[in-house]
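Numbering (this note's numbering), first residue to last: 448 to 522. Read the structure below first, then the notes.
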């Protein structure tokens, strides 16, 4: 998160930075930018493919993506 996400997203609040704050991401009824359900699949697709102003992070391997999703679930 620190390397790839923290430049645009807060992890400790919902305030917008360049992108939405991610505190409680998986506890919300919808994802903040897309309005999609906060499922692991939707979050994973957004990380890998990007969405709107968010770039894709296709360079991340599955272990890194899994760790990132697990971290986001803990927020």
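Note that beta-carbon positions come from the ideal geometry of N, C-alpha and C, so glycine has one too.
- Beta-bridge annotation (DSSP): residue 498 is paired with 501.
- Excluding its 5 nearest sequence neighbours in each direction, residue 500 has C-beta neighbours in its own chain below 8 Å: 465 and 466, listed in chain order.
- Under the DSSP assignment, residue 521 falls in the alpha helix (DSSP H) whose first and last residues are 509-521.
- Inter-residue distance for residue 463 and residue 513 is about 24 Å (C-alpha atoms, whole angstroms).
- Scanning 502, 469 and 504 for the CA closest to the CA of residue 521 turns up 469.
- When only Cα atoms are considered, residue 475 and residue 454 end up about 22 Å apart.
- Just measuring C-alpha positions, the residue of 460, 450 and 495 sitting nearest residue 509 is 495.
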